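So the protein sequences, as listed, match chains A and B. Under the UniProt record's numbering, think of the first position of the first sequence as 1, with each following residue one higher. Under the UniProt record's numbering, think of the first position of the second sequence as 1, with each following residue one higher. Where is the CB? At the ideal position from N, CA and C, for every residue including glycine. All values reported here derive from a predicted model rather than from experimental measurement. Report on the structure given below.
Protein chains: 2
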Amino acid sequence: MEELYKHIEEHQNEYVEWLQDLCRIPSVAAQNRGMEEAAQKVLEHLNLHNKADTKLIDTDGYPVVFGEVKGKSKRVLSFYNHYDVQPEDPVDLWDTPPFDSEIVDGKLIARGSADNKGNLIARIAAVHAYQQVYGELPINIKFIVEGEEEIGSPNLEGFAEKNADLIKADGCIWEFGYKNADGRQQVSLGVKGMAYVELTCKGANTDLHSANAAVIENPAWRLIWALQSIKGENNRVKIPGFYDDVLDLTHQDVQLISELIYSEQEMKEQLDINQFVNGVEGEELKKQLIFSPTCNICGFESGYTGEGAKTVLPSEAKVKIDFRLVPNQDPYKIVEQLRTHLDHHGFEDIDITPMGLEYPARTEPDDPLAKSVISATKNVMGMEPTVMPMSPGTGPMYELCQKLGIPAVSVGVGNFASNNHAPNENIYIKDFIDGIKIIARVIDDFAKH
Amino acid sequence: MEELYKHIEEHQNEYVEWLQDLCRIPSVAAQNRGMEEAAQKVLEHLNLHNKADTKLIDTDGYPVVFGEVKGKSKRVLSFYNHYDVQPEDPVDLWDTPPFDSEIVDGKLIARGSADNKGNLIARIAAVHAYQQVYGELPINIKFIVEGEEEIGSPNLEGFAEKNADLIKADGCIWEFGYKNADGRQQVSLGVKGMAYVELTCKGANTDLHSANAAVIENPAWRLIWALQSIKGENNRVKIPGFYDDVLDLTHQDVQLISELIYSEQEMKEQLDINQFVNGVEGEELKKQLIFSPTCNICGFESGYTGEGAKTVLPSEAKVKIDFRLVPNQDPYKIVEQLRTHLDHHGFEDIDITPMGLEYPARTEPDDPLAKSVISATKNVMGMEPTVMPMSPGTGPMYELCQKLGIPAVSVGVGNFASNNHAPNENIYIKDFIDGIKIIARVIDDFAKH
Chain A
1 MEELYKHIEE
11 HQNEYVEWLQ
21 DLCRIPSVAA
31 QNRGMEEAAQ
41 KVLEHLNLHN
51 KADTKLIDTD
61 GYPVVFGEVK
71 GKSKRVLSFY
81 NHYDVQPEDP
91 VDLWDTPPFD
101 SEIVDGKLIA
111 RGSADNKGNL
121 IARIAAVHAY
131 QQVYGELPIN
141 IKFIVEGEEE
151 IGSPNLEGFA
161 EKNADLIKAD
171 GCIWEFGYKN
181 ADGRQQVSLG
191 VKGMAYVELT
201 CKGANTDLHS
211 ANAAVIENPA
221 WRLIWALQSI
231 KGENNRVKIP
241 GFYDDVLDLT
251 HQDVQLISEL
261 IYSEQEMKEQ
271 LDINQFVNGV
281 EGEELKKQLI
291 FSPTCNICGF
301 ESGYTGEGAK
311 TVLPSEAKVK
321 IDFRLVPNQD
331 PYKIVEQLRT
341 HLDHHGFEDI
351 DITPMGLEYP
361 ARTEPDDPLA
371 KSVISATKNV
381 MGMEPTVMPM
391 SPGTGPMYEL
401 CQKLGIPAVS
411 VGVGNFASNN
421 HAPNENIYIK
431 DFIDGIKIIA
441 RVIDDFAKH
Chain B
1 MEELYKHIEE
11 HQNEYVEWLQ
21 DLCRIPSVAA
31 QNRGMEEAAQ
41 KVLEHLNLHN
51 KADTKLIDTD
61 GYPVVFGEVK
71 GKSKRVLSFY
81 NHYDVQPEDP
91 VDLWDTPPFD
101 SEIVDGKLIA
111 RGSADNKGNL
121 IARIAAVHAY
131 QQVYGELPIN
141 IKFIVEGEEE
151 IGSPNLEGFA
161 EKNADLIKAD
171 GCIWEFGYKN
181 ADGRQQVSLG
191 VKGMAYVELT
201 CKGANTDLHS
211 ANAAVIENPA
221 WRLIWALQSI
231 KGENNRVKIP
241 GFYDDVLDLT
251 HQDVQLISEL
261 IYSEQEMKEQ
271 LDINQFVNGV
281 EGEELKKQLI
291 FSPTCNICGF
301 ESGYTGEGAK
311 TVLPSEAKVK
321 IDFRLVPNQD
331 PYKIVEQLRT
341 HLDHHGFEDI
351 DITPMGLEYP
361 ARTEPDDPLA
371 KSVISATKNV
381 MGMEPTVMPM
391 SPGTGPMYEL
401 CQKLGIPAVS
411 VGVGNFASNN
421 HAPNENIYIK
431 DFIDGIKIIA
441 RVIDDFAKH
């Protein structure tokens with residue numbers, strides 16, 4: 001592998017330029033900007049640099065770029081990535097323009113650099129380097145690059161169902177991955193699921209003068225009482241059955257958690273908070289982060305929210321909630337339980353609109369792909385990665401992988417302060433090059449299992 | 001008086017035009033729009049049409065327009081009105097633009113038409129008509145027209161203290177007044193007080209990806225739990241001491257309430273609601289409307305409230321609450337009790353910003369001004385008005401009147417569906433003309449007491 005690593009280092013300027021170019025395309029799916037250009041650019045990379053068989057697969061939204069590179073064995077490794085990015089606003093908080101793709105102090109600053117173009121190009125570069133040095137790949141590689149991850153992958157489930165054979169694989173490298181603050185690489189083996197719902201409570205058919213509050217029901221109050229019935233001050237979800245399917249932590253889970261690092265003091269200082277939810281710390285804090293389902297208010301709106309005072313009795317109140325789910329919870333069942341719970345508490349009138357339901361997904365630490373990624377990371381970095389049994393985040397991993405029996409592992413080129421979804425999104429060039437090496441090594445190692 | 005009524009009818013187009021013109025000025029105090037223009041226009045009316053001695057009296061906010069018209073006797077009747085209006089949003093729910101001042105099917109539709117420009121112009125028109133027909137007024141009239149009623153009259157207390165002699169009067173016609181659904185005029189003899197507060201709860205110093213919700217506190221949840229501790233599903237305020245100063249209803253109160261009409265079925269149909277707060281009806285409903293203090297959510301905002309789903313953990317949550325208070329409650333004491341209550345429940349971190357504190361106020365039904373207004377209304381309308389012992393609404397009546405020993409009575413040109421503070425605010429032209437006649441008659445009648 002030394003020859004391969006050397007090749008990657010010698011060609012690093014070329015690979016960085018590929019990434020800078022791709023990051024200059026403002027492919028914001030939510031705003032339908034630069035999407036076709038980005039898809040074409042990815043297609044071009046796969047054709048030109050990986051000699052892949054490619055196709056653009058239509059969906060009801062933006063197409064999926066698919067590429068396949070044949071190898072010596074029948075074994076198949078897939079890469080799941082996306083060519084869309086988050087909107088760049090607030091633009092004035094960026095140190096350099098979000099789509100200028102500038103390198104400052106060894107860091108590439110650009111929207112999409114960490115999420116997710118850095119990982120995509122690192123994987124294309126790894127395949128390219130392998131082919132340049134050794135010729136044929138030892139295994140088959142499949143690229144699945146969607147264009148709607150940042151808007152909740154609304155068409156990926158349909159895509160996976162229609163193309164189940166095409167995307168079949170023995171393992172999948174998931175889109176994201178980060179380094180800890182201590183410089184160790186993080187390998188994560190799953191994602192939480194999600195039930196994102198909007199609750200709407202209506203009162204009178206028009207906003208009223210608030211003098212009427214003595215006799216006309218206020219939907220904001222009703223929604224607050226309903227929410228209070230859903231989660232109390234101990235942060236425990238009160239919907240009957242909510243925790244029924246949650247699995248107990250295994251000995252191995254506890255072991256993995258104990259090896260994780262969560263920089264409590266740094267987080268407190270950075271976010272200006274005094275404590276974490278329920279005052280937890282240490283092992284409990286990490287357990288809660290990784291293995292607790294959540295019920296989070298993403299947004300609440302009712303009545304007059306402008307400057308100053310307005311005495312109004314609102315006609316409507318809305319709340320957006322995301323429940324993050326852990327194995328073995330079922331988002332569809334959670335929404336049903338929520339409906340039953342609200343009805344039971346006299347809130348039949350509160351409407352539930354599901355806005356994104358995703359199953360949780362996990363891969364076991366002793367899975368061959370997990371082992372390959374862990375050992376490749378150790379080989380490249382010279383130290384053990386930390387292994388997250390599951391990410392606290394969410395993604396369509398279940399639909400694309402677990403549902404089809406494919407294990408999935410996350411490893412990538414981001415860092416703990418990559419500012420995904422925020423101003424000054426960035427990756428270190430050094431991490432990008434290491435990331436290329438890790439993927440090249442995984443390709444080599446996964447052939448042996 | 002027939003000659004006077006005839007004059008008013010003959011000049012109704014002129015008076016309606018005065019009102020339409022004034023309603024075209026978007027004098028939104030909360031947003032500092034059109035305020036100077038509106039004050040100047042009122043000043044011009046008083047100078048030109050009432051030959052009043054006028055002055056613009058500076059306050060720490062918008063000035064008070066003051067006008068005095070001398071009459072034959074020493075008796076003084078004052079009119080309290082305001083030239084500011086509520087914000088017009090949501091604009092898309094208006095049938096005609098809020099400041100176009102259009103007349104549709106005999107109704108003037110405009111922000112401020114009912115609250116409060118219709119009443120102000122009706123009083124100016126009444127004085128004008130009286131002068132045109134009879135020359136000198138029988139009593140002195142004082143116009144007190146402030147510019148901050150819709151933002152809680154923050155400077156009226158100071159104004160009243162500094163100008164106690166100037167505003168001295170034997171009675172004051174208060175700014176508002178409405179017709180019932182059955183066409184009977186309502187005369188009301190007091191206002192509820194108010195404690196308007198904004199509560200702010202802060203979490204981390206920036207919005208976060210909602211995957212962090214497992215360990216980082218959500219300020220929207222904390223605010224919801226705090227609100228739940230303030231008022232429960234039975235609509236009873238749970239702040240200790242909140243009801244301590246509330247007076248028992250007298251026999252006369254119960255009598256007045258029994259004569260009031262509240263069109264339950266019409267209200268339900270008009271507002272598309274099934275029942276009133278706590279399911280009350282009949283006498284209980286009217287008692288609750290008039291004599292219950294309230295705790296109303298005027299607005300709640302936190303996190304992402306746009307279209308679709310965004311997975312965010314908000315850094316802040318805000319709620320605007322108005323407590324309507326009844327005699328003998330004290331708004332300053334209520335805010336203190338709220339602070340103590342929040343602290344006691346572990347919400348020391350939730351900030352309270354008072355945004356308007358007003359005492360409740362009442363005038364007795366056998367007061368001479370009350371009698372004048374009741375008889376004038378009967379004379380013009382041909383039927384007895386209903387007498388509200390107190391309005392469910394609020395105003396700075398205590399500071400401007402009761403504190404200085406001045407009785408205050410409300411009568412005006414609105415209707416039961418005038419949509420004050422809401423889209424399609426309106427008055428009937430017919431009610432506007434009747435309102436001018438009533439005031440002209442009161443001027444005549446009050447001279448005799």
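Determine the direct distance from the alpha carbon of A214/A to that of S287/B, and round the result to whole angstroms. In the sequence as displayed, the identity of residue 287/B is Lys instead of Ser. Roughly 10 Å between the two C-alpha positions.
Any beta carbon from chain A within less than 7 Å of Y398/B's own beta carbon? Chain A contact via Cβ: absent.
Within the continuous beta strand (DSSP E) that includes H421/A, where are the two ends? Where H421/A is concerned, there is no enclosing beta strand (DSSP E), given that its DSSP letter is neither H nor E.
Can you tell me whether DSSP reads residue 504/B as helix, strand or coil? The first residue shown for chain B is 1 and the last is 449, placing residue 504/B beyond what the model contains.
Three Cβ pairs or more, each shorter than 8 Å: is that satisfied between the segment 383–401 of chain A and the segment 422–436 of chain A? Cβ pair count under 8 Å is below three, so no.
Inspect the beta-carbon positions of K192/B and Q185/B and report whether they are closer than 7 Å. No; because the gap between Cβ atoms is not below 7 Å, this pair is not in contact.
Can you check whether the C-beta of P392/A is within less than 7 Å of a C-beta belonging to chain B? True, the Cβ-Cβ gap to chain B drops below 7 Å.
With distances taken from CA atoms, which of F323/A, K168/A, V237/A is nearest A211/B? Checked all of F323/A, K168/A, V237/A; the closest Cα to A211/B is F323/A.
Where do the N-terminal and C-terminal ends of the alpha helix (DSSP H) with Y83/B fall, by residue? Neither: Y83/B is in no alpha helix (DSSP H) and is coded neither H nor E.
Please confirm if T250/A has its CB atom under 7 Å from at least one CB of chain B. T250/A has a beta carbon lying at 7 Å or more from every beta carbon in chain B.
What residues from the segment 223–238 of chain B come within 7 Å of chain A, judged by C-beta to C-beta, listed N to C? Taking a C-beta cut-off of 7 Å against chain A, the contacting residues of the segment 223–238 of chain B are I224, W225, L227, Q228, K231, E233, listed in chain order.
Name the residue from D351/B, T340/B, Y359/B, S302/B whose alpha carbon lies nearest to the alpha carbon of P293/B. Of the listed residues, the one whose Cα sits closest to P293/B is Y359/B.
Whole angstroms are fine: how far does the CA of V187/B sit from the CA of D89/A? Rounded to whole angstroms, D89/A to V187/B spans 54 Å at the Cα level.
If we count Cβ pairs, one from each stretch, closer than 8 Å, do we get three or more for the segment 408–418 of chain B versus the segment 197–207 of chain B? Three or more Cβ pairs closer than 8 Å define a contact, and the segment 408–418 of chain B falls short of that threshold against the segment 197–207 of chain B.
May I have the straight-line CA-CA distance separating N296/A from L223/A, to the nearest angstrom? The alpha-carbon atoms of N296/A and L223/A are separated by roughly 15 Å.
Any idea which residues DSSP pairs N296/B with across the strands? Bridge pairing for N296/B: D322/B [DSSP].
Under 7 Å between C-beta atoms, does N119/B make it to chain A? Interface criterion not met: the Cβ of N119/B is under 7 Å from no Cβ in chain A.
Could you work out which residues of chain B lie near D89/A, taking near to mean beta carbons separated by less than 8 Å? Neighbours of D89/A across chain B, judged by C-beta separation under 8 Å, do not exist; the nearest C-beta is about 12 Å away.
Please determine, among V85/B, M35/B, H11/B, the residue with the shortest C-alpha to C-alpha distance to E425/B. For E425/B, the nearest C-alpha among the options comes from V85/B.
Touching or not, the segment 105–118 of chain A and the segment 9–25 of chain A, by the rule of three or more beta carbon pairs under 8 Å? With the cut-off at 8 Å, the segment 105–118 of chain A and the segment 9–25 of chain A touch.
Per-residue DSSP class, three states only, for I139/B: Residue state, collapsed to three classes: coil.
Write down the C-beta distance between S27/B and Y83/B rounded to the nearest angstrom, noting that I regard them as a contact closer than 8 Å. Contact between S27/B and Y83/B is confirmed by a C-beta separation of about 6 Å, below the 8 Å threshold.
Counting only runs of 3+ residues fully inside the segment 89–160 of chain A, write out the beta strand (DSSP E) ranges in chain order. List check, beta strand (DSSP E) in window: 102–104, 107–109, 140–146.
Taking DSSP's pairing of strands, which residues face T386/B in a bridge? Bridge partners of T386/B: Q186/B.
Would you kindly report the start and end of the unbroken alpha helix (DSSP H) that includes L43/B? For L43/B, the uninterrupted alpha helix (DSSP H) segment begins and ends at 35–50.
Show which residues of chain A have a CB atom less than 9 Å away from the CB atom of N205/B. At a beta-carbon threshold of 9 Å, the residues of chain A lying near N205/B are Q270, L271, D272, I273, ordered along the chain.
How would you label G356/B, buried or exposed, when you count the other beta carbons within 10 angstroms and need 16 or more for buried? By the C-beta density criterion, G356/B is buried, having at least 16 other C-beta atoms within 10 angstroms.
Determine, using beta carbons only, whether A169/A and I406/A come nearer to each other than 7 Å. Contact flag set, yes.
Assign I350/B to one of two classes, buried (16 or more other C-beta atoms within 10 Å of its C-beta) or exposed (fewer than that). Result: buried.
Which residue comes first and which comes last in the beta strand (DSSP E) that contains L56/A? Per DSSP, L56/A belongs to the beta strand (DSSP E) from 53–57.
In chain A, what lies closer than 8 Å to I151/B by C-beta? Here the neighbours are G308, A309.
Residue-level contact to chain A via CB, Q288/B, 7 Å cutoff: Judged by the 7 Å Cβ criterion, Q288/B is in contact with chain A.
Cross-chain neighbours of T200/A in chain B, by beta carbon under 9 Å: Result: empty, since nearest Cβ-Cβ is about 12 Å, beyond 9 Å.
Whole-number beta carbon distance between E68/A and K142/A, since they are thought to touch under 8 Å: That pair is a contact at about 5 Å.
Using DSSP with H/G/I as helix, E/B as strand and the rest coil, what is N379/A? Three-state result, N379/A: helix.
Name, going along the chain, the residues of the segment 73–99 of chain B whose beta-carbon falls closer than 9 Å to a beta-carbon of chain A. For the segment 73–99 of chain B, which is checked against every Cβ of chain A, the residues closer than 9 Å are Q86, P87, D89, P90, L93.
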